[in-house]
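Here's the structure, in structure tokens; my notes come after.
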Amino acid sequence: CVFEMPLLEAQASVDTACISTAPVFAGTAAGRDGAAKSHDSGWWAFMEHNRERTPGRGSSWADSAAWAAFLAGIAACGLIPVSQGWCLFNASVIALVFLSIWLPDHGDTVLPFCSIIILPIVVFKSVAMGGWWSYSILLYVFGVIPFFDYLVGVDVGNQTRAVQRELHSAFRFELLTLLVAPGILVCLGYGAWLANFGGLSYLELGGLCIGMGIITGVIGIVVGHELCHKASRLERAFGRLLLCAACYGHFYVEHTLGHHKDVATDRDPATSRYGESFYEFLPRVVKGEFLSACRIEAARLQRKGLPWWHSEIPAYFLVSAAMALGFAAATGPLAVPFFLAQSAVAVLLFESVNYLEHYGLERRELQPGQFEPVQPQHSWDSPARVTNHVLFKLERHADHHAHAGKRYQTLQAYDSSPQLPAGYATMILLAFFPPLWRAVMHPRLLAHRRQQVGQTFRHGPTPEPAAVFEVKEKEPSPKADTQPSCRHRAAGA
């Protein structure tokens, strides 16, 4: 069935929860409601958080005050003069992130997600430093953040259904995502001004484009993705605006009614296959998502009897063009190549995330063209605390796919979802080096496939039944989810 885009519902049915804007609050494991995620020996993590205390209960004003002090310290770092304190700036930022190990996060404060301010501060301070230092953001994203993902560790806490319902309606979480849109526009405007009047060399312009692309890709597209799944017209409008800021507005069409419906099947261009390198995946997904969006829009227009010029896809590219030309009119002609270059970096970064989220995972084909419902085992999860704060819990991806209408603050960690060993920053770096990626991921993927008893995989090896019993003898099987799929449960808000 092809649904209207997006699927707006007051209450999700058993067949629509995977693509509906209505939230479904499900349990994550058998037993106690809100039980913590079971320990995984494959995590690259120094410590665990929230195992003994259910997130969303008992967080004090002192906790919020501690995070406010942390954010104030990060903002103060931005005031350090670059010419006099470049080393002091970096040392202060890293020290504050180190201190965040002891900052509590029980799920009911929005302030940990405000740590995204680190990215624009580092980007623009690095460009102000000039020279090769303009690329310092790469050291943060692929060096500092992976290190602290390991040191700070994982958040294994889950919320009870009652707490999920309570937090879902908390406006403070929605407000933060709405504020991201004007924030991204301000960053783009400032970047365009620097490109024209900052006196930057070509080397420094490259650093500016890469840094702005990381801001747009890590913050803009991720939050745009979050907002596009919501029922509110304002949220969806802001979500599409954020996607257009990276020339990727058609992602709104394809993702909500293409990827979420076809994930972990050969129909989905955004599901990477066993043995497929990132460099093979990238051109396939960029082309495939665009063509899929065009097919979805063509079906919608045909169903409504509308002519081709009612398609939303050209409108999104026109919005992107209007942004580029608007910045050029306000700041100068270099704004156009700046806007296009940062968009390319943002798309590259975001599609590298798509690459790792479903790598090698497949849904059973029950009969030709019909697949089993989307379940937690069809998405890779990571409970890394630092990158989940920066990425608005995108790494709790299994719950997002099973219940698309939930807000980021209520996403849970499932026992049955396969686990990435580290956060997205670390895994993206591995994906850029295919031999390292295969060495790390293939043993984990094959171990996961051995648990899918009786399934024949379309890409890569299918473990023999004997391997299943061998795994069962050596390792305890994960607890079954009480409500793992879109179809086999009682749905409701």
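Numbered according to this note's numbering, the sequence shown spans residues -3 to 489. All residues carry an ideal CB built from backbone N, CA and C; glycine is no exception.
{"Item": "Considering only the alpha carbon of each residue, which of Val382, Ser378 and Arg434 lies closest to His393?", "Value": "Ser378"}
{"Item": "Taking its Cβ as the centre, do 16 or more other Cβ atoms sit within 10 Å of Gln498, making it buried, or is it exposed?", "Value": "Residue 498 cannot be examined here, being either before or after the span of the chain that is shown, -3 to 489."}
{"Item": "Using the rule of at least 16 other Cβ atoms within 10 Å of the residue's Cβ for burial, across every protein chain shown, is Val449 buried or exposed?", "Value": "exposed"}
{"Item": "Nearest-angstrom Cα distance between Pro364 and Thr261?", "Value": "12 Å"}
{"Item": "On the CB-based measure, 16 or more other CB atoms within 10 Å of its CB, does Tyr198 come out buried or exposed?", "Value": "exposed"}
{"Item": "Any beta carbon from chain C within less than 7 Å of Val140's own beta carbon?", "Value": "In the displayed structure, chain C is absent; only one protein chain is listed."}
{"Item": "Classify Ala68: buried if its beta carbon has 16 or more other beta carbons within 10 angstroms, exposed otherwise.", "Value": "exposed"}
{"Item": "Under the three-state reduction of DSSP, which class applies to Val259: helix, strand or coil?", "Value": "coil"}
{"Item": "Does the Cβ-Cβ distance between Ile113 and Ile210 come in under 7 Å?", "Value": "no"}
{"Item": "Flag this pair as yes or no: are the beta carbons of Phe234 and Leu174 separated by less than 7 Å?", "Value": "yes"}
{"Item": "Please tell me whether, using a cut-off of 6 Å, the distance from the CB of Phe453 to the nearest non-hydrogen atom of the ligand SAM is below it.", "Value": "As presented, the structure is devoid of all ligands, the ligand SAM included, so that no description of it is given."}
{"Item": "On the three-state DSSP scale, how would you describe Leu416?", "Value": "coil"}
{"Item": "For a test of the three-state rule: what should DSSP assign to Leu362, helix, strand or coil?", "Value": "strand"}
{"Item": "Using the Cα positions of Arg446 and Arg440, report the straight-line distance between them to the nearest angstrom.", "Value": "10 Å"}
{"Item": "Assign His102 to one of three DSSP states: helix, strand, or coil.", "Value": "coil"}
{"Item": "Please state whether the Cβ-Cβ distance between Val281 and Ala266 is less than 7 Å.", "Value": "yes"}
{"Item": "Enumerate in chain order the residues of its own chain whose CB-to-CB distance from Leu237 is below 7 Å, with the five nearest sequence positions on each side excluded.", "Value": "Ala177"}
{"Item": "Tell me whether the region 356 to 370 and the region 249 to 260 touch, counting them as touching only if at least three CB pairs, one residue from each stretch, are closer than 8 Å.", "Value": "yes"}
{"Item": "Report the option in Met437, Phe388 and Thr422 whose CA atom is closest to the CA atom of Leu223.", "Value": "Phe388"}
{"Item": "My understanding is that Leu190 touches Leu181, with C-beta atoms under 8 Å, so please give their C-beta distance in whole angstroms.", "Value": "Rounded, the Cβ-Cβ distance is 15 Å, inconsistent with contact."}
{"Item": "Of the residues Asp104, Pro108, Gly126 and Leu115, which one's Cα is nearest the Cα of Ser79?", "Value": "Gly126"}
{"Item": "Identify, in the order they occur along the chain, each residue of the same chain with its Cβ nearer than 8 Å to the Cβ of Val(-2), setting aside the five sequence neighbours on each side.", "Value": "The predicted position of Val(-2) is uncertain, since its pLDDT is 37 and thus under 50; no value can be drawn from it."}
{"Item": "Please state the DSSP three-state secondary structure of His45.", "Value": "strand"}
{"Item": "How about His35 and Asp151: are their beta carbons less than 7 Å apart?", "Value": "no"}
{"Item": "Consult DSSP for Val152 and reduce its assignment to one of helix, strand or coil.", "Value": "coil"}
{"Item": "From Val118 to Thr212, what distance separates their C-alpha atoms?", "Value": "14 Å"}
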